[in-house]
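Novice: In the numbering used here, the protein residues as written are 3 to 224.
For every residue, glycine included, the Cβ atom is placed at its ideal position computed from N, Cα and C.
Here the structure is a predicted model, which means the values were calculated and not measured.
This is the structure I want to talk about, given as structure tokens.
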Ligand code: GAR
């Protein structure tokens with residue numbers, strides 16, 4: 003059973019998508035052992051509670067610096083024996099310590115097709131505003147492994163969504179969630195749990211079946 007910890011900051015619709023795919027049996031051998039919010043009182047914590055999942059708020063504001071914040075999060079996840087950290091609409095920044103400790107074991111959902119409309123300052127509704135201003139006809143979502151620099155890690159899955167005439171940022175955000183995010187984030191977790199993701203440099207290879215690891219290739223396995 004793969005133990006996952008989910009990081010959230012808001013409504014938690016992506017968390018819900020993961021819960022639904024576990025409940026339906028589409029994702030097997032995965033347990034959400036903790037949900038951590040960067041903000042108190044968010045609806046994502048209500049969702050966790052409803053399913054008997056432990057939820058808590060660990061806010062950056064509680065700490066003097068990023069190292070202390072990282073240590074607190076690492077401590078919490080280690081205590082819960084978390085093997086994969088899922089950033090599902092988490093709008094806080096993680097530091098060097100966290101990234102080092104959980105190298106290749108943190109994934110993030112981003113609401114655009116990376117490398118477009120991403121990086122520092124591009125979160126929540128903001129990428130959708132820029133998409134509409136730019137005039138592109140296609141956008142989408144990306145799940146990727148997390149590295150220190152925002153939205154730069156190896157890409158696991160992407161799904162495209164058409165921009166339509168009359169879209170507002172809110173309408174587009176909703177369509178990107180429905181058509182892309184809620185599908186590819188649970189799918190990436192399923193692939194990780196089935197040991198089918200292999201990182202080779204900037205690329206993530208998706209194996210048809212779980213790879214049989216030789217000693218030499220072990221360092222690249224997830
Ligand atoms: C989602 O659209 C997610 O892709 C985005 O925040 C939203 C959270 O919604 N994440 C980022 O922008 C991270 N850079 P949710 O709380 O309903 O899942």
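Do residue 121 and ligand 1 come close, with the Cβ less than 6 Å from some heavy atom?
Specialist: Incorrect: residue 121 has no Cβ contact closer than 6 Å to ligand 1.
Novice: Say yes only if the C-beta of residue 15 is nearer than 6 Å to one or more non-hydrogen atoms of ligand 3, and no if none qualify.
Specialist: Inclusion of ligand 3 in the displayed structure is not the case, the ligand content consisting of ligand 1 alone.
Novice: Taking 8 Å as the cut-off, does the stretch 43–53 touch the stretch 99–118 (at least 3 CB pairs, one atom from each stretch)?
Specialist: At 8 Å Cβ cutoff, the stretches do not touch.
Novice: Just the Cα atoms here: how many angstroms apart are residue 196 and residue 4?
Specialist: Their backbone Cα atoms lie some 9 Å apart in a straight line.
Novice: How many whole angstroms separate the CB atoms of residue 82 and residue 7, which I take to be in contact at a CB cut-off of 8 Å?
Specialist: With a Cβ gap of about 6 Å, residue 82 and residue 7 count as contacting.
Novice: I'd like to check one pair, residue 89 with residue 9: are the Cβ atoms closer than 7 Å?
Specialist: It is a contact, given that the beta carbons lie within the stated cut-off.
Novice: Which of the three DSSP states is assigned to residue 148 in this structure?
Specialist: Residue 148 falls in the coil class under three-state DSSP.
Novice: Would residue 152 pass as a contact of residue 122 if the rule is Cβ separation under 7 Å?
Specialist: Yes. Within cutoff.
Novice: Here's a check: name, in chain order, each residue in its chain whose Cβ is nearer than 8 Å to the Cβ of residue 57, leaving out the five neighbours to either side.
Specialist: Counting only Cβ-Cβ distances below 8 Å, and skipping sequence neighbours, we find 36, 37, 38, 39, 46, 47, 50 and 51.
Novice: Is residue 78 near ligand 1, going by C-beta to nearest heavy atom under 6 Å?
Specialist: No, since every heavy atom of ligand 1 falls outside the 6 Å radius drawn around the Cβ of residue 78.
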